[in-house]
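Quick notes on the structure that follows.
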Amino acid sequence: MQTALKTTSIKQKTNQALGVNLEDARISKSYLAVAFIAVLLGGLLGLVQGLNRAGVLTLPAWANYYQVLTAHGLLLVVVFSAFFTIGYFYAGLSHTLGGLLPKVRKIAWVGFWTKIVGFVLVVIPVLMNEASVMYTFYPPMAAHPMFYFGLVLIVLGVWALSVGAFMQVAHWRKNHKGQHLPIMAFFATGVFILLVGATAFVAVEVLFLIIPWVLGWTDGINVMLSRTLFWAFGHTAVNIWYLTAVSAWYVVIPKIIGGHRWSDLLTRMVVIPLVIMNITGGFHHQIVDPAISEGIKYMHVFMSLAIGFPSLMTAYALFRVFERTARQKGGTGFIGWFKKMPWGDVRFLSPFIAMVAFIPAGAGGIVQSTNQLDQVVHNTMWIVGHFHLTLGMSVVMTFFGISYWLIPYLSKRVLTPNMNKVGVVQTIIWTVGMVIMAISMHIAGLFGSPRRTSFTTYGDFAEQLGWNPLMAAVGIGATLLLIAVILQVYAVFNMMFFAPKGETEFPIAEEEPGAAKTPYWTERWGVWVVLMLLVISMAYVIPIVDMIVNAPPGSPPFKTW
Amino acid sequence: MHLDEKIWLFLSFGMIMIFMIFTGYQAVALEMGPPSHKETIDPQKVDQTAPFDNPGIKQIGENEYEVVMTLQIFSFTPMDIEVPAGSTVHFTLTSKDVTHGFQVANTNINAMVMPGHIQKISQKFDKPGKYLVLCNEYCGAGHQAMSTTITVK
Ligand code: HEM
Ligand SMILES: [Cu+2]
Ligand SMILES: [Cu+2]
Chain A
1 MQTALKTTSI KQKTNQALGV NLEDARISKS YLAVAFIAVL LGGLLGLVQG
51 LNRAGVLTLP AWANYYQVLT AHGLLLVVVF SAFFTIGYFY AGLSHTLGGL
101 LPKVRKIAWV GFWTKIVGFV LVVIPVLMNE ASVMYTFYPP MAAHPMFYFG
151 LVLIVLGVWA LSVGAFMQVA HWRKNHKGQH LPIMAFFATG VFILLVGATA
201 FVAVEVLFLI IPWVLGWTDG INVMLSRTLF WAFGHTAVNI WYLTAVSAWY
251 VVIPKIIGGH RWSDLLTRMV VIPLVIMNIT GGFHHQIVDP AISEGIKYMH
301 VFMSLAIGFP SLMTAYALFR VFERTARQKG GTGFIGWFKK MPWGDVRFLS
351 PFIAMVAFIP AGAGGIVQST NQLDQVVHNT MWIVGHFHLT LGMSVVMTFF
401 GISYWLIPYL SKRVLTPNMN KVGVVQTIIW TVGMVIMAIS MHIAGLFGSP
451 RRTSFTTYGD FAEQLGWNPL MAAVGIGATL LLIAVILQVY AVFNMMFFAP
501 KGETEFPIAE EEPGAAKTPY WTERWGVWVV LMLLVISMAY VIPIVDMIVN
551 APPGSPPFKT W
Chain B
1 MHLDEKIWLF LSFGMIMIFM IFTGYQAVAL EMGPPSHKET IDPQKVDQTA
51 PFDNPGIKQI GENEYEVVMT LQIFSFTPMD IEVPAGSTVH FTLTSKDVTH
101 GFQVANTNIN AMVMPGHIQK ISQKFDKPGK YLVLCNEYCG AGHQAMSTTI
151 TVK
């Protein structure tokens, strides 16, 4: 025991002294490079959409709006967020668990190429206008079979990476009996468990319902069941990116502002319920669907709102950390912390704005989860405004903030004061753009403007309902955003290949000195997974059995674009 | 735990419970639950199945109308409905092909209409005027053209 402890602490020290393991760094850099190329392309398409809906851009015949929107959704939620999350957590696992095991490294590369090949298979039919089905691909719209084969490969890639992460964690735990998993690895474990849980649903949908149907082996598809399985995945996926951002808020940001972490126990107690209760939130995308009883929908309001609780705990914890740190630095008064924060440091500024954005974003989420309020905004531009706040600000701005230390750390370079300035300017432009775009989208939605709809005036209704100035503002926001995207991608590749050489640390905050020891029960992942499965069964068994037993005759495939 | 943290957690919990209670109250006491009709239909035989073999508007009481409507790419049947001000309209809806959305701007009508399923939603129209009916779920190349009107006189 003693010697085991000593060797690992030596290993961890060498790891810190020598900086990042180069082979591990190559893995994370590859994931991040793909992620930021996806942002660049996705942002470009976003601008096209924004300008089209503002009424100033007519799309050419070879690229219709729905094709563009399908690609935008896929690039940003399937590629960018996923590749960033994996690159970030693999770097975190390597750093806090003493380097990746050789076999885990191999798995990471297999996963990478499986995902890339899968994505290419998805993109080809999208480019050929054979798969303009949106990233939600609701049957009975049917894309080219290649689209679905690509999705299967993407899921297999995710599973490979999850297995790799679990092997790494299991190995560490075997050699550190009785110790707590380092907090970054604890978050990573939760995220990879959720990734497996979420993708399991979409795998069932694609493998057992859609592929046999598009290949003509079955005549009809169960439309409700496919949709329900999709949202068990789709909703969880989005929450996984959020949990990834939260990990940086708890673990990294306190270090960047020179403070200590929030209570270790409470941090872990935020991760655990987010893992247990997450997947059941999917039903809030189906509040106005037929074939689900009001009783089930009501139970699901509760399940969705319950996730709000750990988020509210997080809000408290973070502002408390800011306040404490500021007091140590001599800040006084109720909002004294405000003056002591490093506002000029992009590594703080960008995630800080992300956190602030989560206040209206979370409030909007609570609103939409309640049945009657959802009925007002469902499938309107309000929803698009909502997820550009949650994803486009809370998650993405945290990811951007991370990139300004993670990429120099991985490439053994440094963040120069000039690059920091680029980052600050980028952060401000992105914030202004997103705020303009998201607010206009929310209001246009309240006035009835639908999402996923290319430019149309509905006769003179658009004018009469007051959508036009709001959609023009969406176009302005989109233009600012593209400028910010270009700055961000420039910064990423500059820091990856051209910035001055040097050592950058992986910032992980320490606990408060003299903090109480965290009880060991927080490490019982087996129990958490069983609880998660129980909650999922509670939520899904009854409605899914109902949808199968009382299913109407199936629908044949349609290509309506 | 600090006292202020306890207060914060208590308020958070309270807020979530209040939203729950309101949602339940509206659903049960005010009968404002979301559209959740559970009947099914053969999606390939909509035209032959009652009541959709005879879509249209029918008066069913004083100030009460029933509209039986099919949605298909990229139109509604019937189109351009007219009702007198103050009437309550009960919509019975299904899709003949892919998933559509049924939304009437400036009202609370908003429901998913899916093949194989019959959806129902009701609304009282008090204010005279022309209302925009639109499909709010992407359904294909002409989705942006899928709209009609309800005129309240
Ligand atoms: C350059 C920045 C961006 C611009 C200008 C932009 C703009 C837009 C617009 C105009 C829409 C379409 C609205 C509609 O017709 O329904 C849209 C949809 C969407 N955006 Fe963005 N966006 C940007 C960045 C992002 C980011 C960073 C994310 C997430 C990480 C994101 C995720 C989505 C998703 C998931 C959709 C919905 C796709 C669908 O309905 O299938 N966007 N965006
Ligand atoms: Cu969701
Ligand atoms: Cu439509």
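Line order of the protein sequences matches chains A and B. Residue numbers are given in UniProt numbering: position 276 of the first sequence equals residue 276, and the series is strictly consecutive. Residue numbers are given in UniProt numbering: position 69 of the second sequence equals residue 69, and the series is strictly consecutive. Cβ atoms here follow ideal geometry from the backbone N, Cα and C, with glycine treated the same way.
What does a CB cutoff of less than 7 Å around residue i pick up in its chain, not counting 5 residues either side in sequence?
i	result
A/K339	G331
A/V270	P310, M313 and T314
A/Q188	Note on residue identity: the sequence assigns Ala, not Gln, to residue 188 of chain A. Counting only Cβ-Cβ distances below 7 Å, and skipping sequence neighbours, we find F89, G92, L93 and A165.
residue 154 of chain B	Residue 154 of chain B is absent from the structure shown; chain B starts at 1 and stops at 153.
Assign residue i to one of three DSSP states: helix, strand, or coil.
i	result
A/E510	coil
B/G140	coil
A/K6	Legend: pLDDT at A/K6 = 42, less than 50; position of this residue unreliable, no value from coordinates given.
B/L71	strand
A/Y90	helix
A/P125	helix
A/G331	coil
B/L132	strand
A/S81	helix
A/M1	Residue confidence is low: A/M1 scores 34 on pLDDT, short of 50, so the model does not pin down where it sits. Its coordinate-derived value is still stated next. Three-state DSSP puts A/M1 in coil, outside helix and strand.
A/L310	Per the sequence shown, residue 310 of chain A should be read as Pro rather than Leu. Three-state result, A/P310: helix.
A/A447	Going by the sequence as given, residue 447 of chain A is Phe instead of Ala. Coil, per DSSP.
A/G98	coil
A/Q426	helix
A/G281	helix
At what residues does the beta strand (DSSP E) containing residue i begin and finish?
i	result
B/F52	From DSSP, B/F52 is part of no beta strand (DSSP E); its letter is neither H nor E.
B/Q119	Q119 to F125
B/M112	N110 to V113
B/S95	S87 to S95
B/S147	S147 to V152
B/V104	H100 to V104
Skipping 5 residues on each side, what residues in its chain have a beta carbon closer than 8 Å to that of residue i?
i	result
A/F387	V238
A/W262	Y250, P254, A317, L318, R320 and V321
B/V83	I57, Y65, V89, F125, I150, T151, V152 and K153
A/L265	A516, T518, P519 and T522
Taking Cβ-Cβ distances shorter than 9 Å, what residues in chain A pair up with residue i?
i	result
B/N106	F447, G448 and L465
B/F13	F309 and L312
B/T99	Y138, P139, P140, M141, V223 and R227
B/S147	T456, Y458, G459 and F461
Once the 5 residues before and after residue i are set aside, which same chain residues still bring their CB inside 6 Å of it?
i	result
B/Q72	K96 and D97
B/V104	Y131 and V133
B/P43	P115 and G116
A/L305	S369
A/L76	G42
A/F358	S394
A/Q426	A484, L487 and Q488
Looking at the secondary structure, which residues open and close the alpha helix (DSSP H) in which residue i lies?
i	result
A/I476	N468 to F497
A/Q168	P145 to N175
A/F338	W337 to K340
A/E463	F461 to Q464
A/E23	L22 to A54
A/V202	I183 to V204
In chain A, what lies closer than 7 Å to residue i by C-beta?
i	result
B/A50	Going along chain A, no residue has its Cβ under 7 Å from B/A50, so there is no contact; the nearest lies around 15 Å.
B/S36	P290, I292, S293, E294 and K297
B/L134	P450 and Y458
Just to make sure I have the definition right: I need the residues of chain B whose C-beta is within less than 8 Å of the C-beta of residue i. Which are they?
i	result
A/W561	G140 and A141
A/M224	M114, G116 and H117
A/T244	Within chain B, no residue comes near A/T244; the closest Cβ sits about 23 Å away, beyond 8 Å.
A/M134	Y138
What residues of chain B sit near residue i, judged by a beta carbon separation below 7 Å?
i	result
A/H378	N110
A/L305	I16, F19 and M20
A/Q375	P34, N108 and N110
Below 9 Å on C-beta distance, what does residue i contact in chain B?
i	result
A/N550	K38 and T40
A/S537	Per Cβ cutoff of 9 Å: no residues; A/S537 is ~22 Å from chain B at best.
Taking contact to mean at least 3 C-beta pairs separated by less than 8 Å, is the region 84-92 of chain B in contact with the region 209-220 of chain A?
no
How about the region 125-136 of chain B and the region 447-459 of chain A: do they share at least three Cβ pairs that are nearer than 8 Å?
yes
Between the region 473-484 of chain A and the region 147-163 of chain A, do at least 3 Cβ pairs fall closer than 8 Å?
no
Taking 8 Å as the cut-off, does the region 445-454 of chain A touch the region 24-36 of chain A (at least 3 CB pairs, one atom from each stretch)?
no
Is it a yes or a no for the region 357-375 of chain A touching the region 293-304 of chain A, going by three-plus beta-carbon pairs under 8 Å?
yes
Looking at C-beta atoms only, is the number of pairs between the region 428-447 of chain A and the region 373-381 of chain A that lie closer than 8 Å three or more?
yes
Meets three-Cβ-pair contact criterion under 8 Å: the region 101-108 of chain A and the region 414-421 of chain A
no
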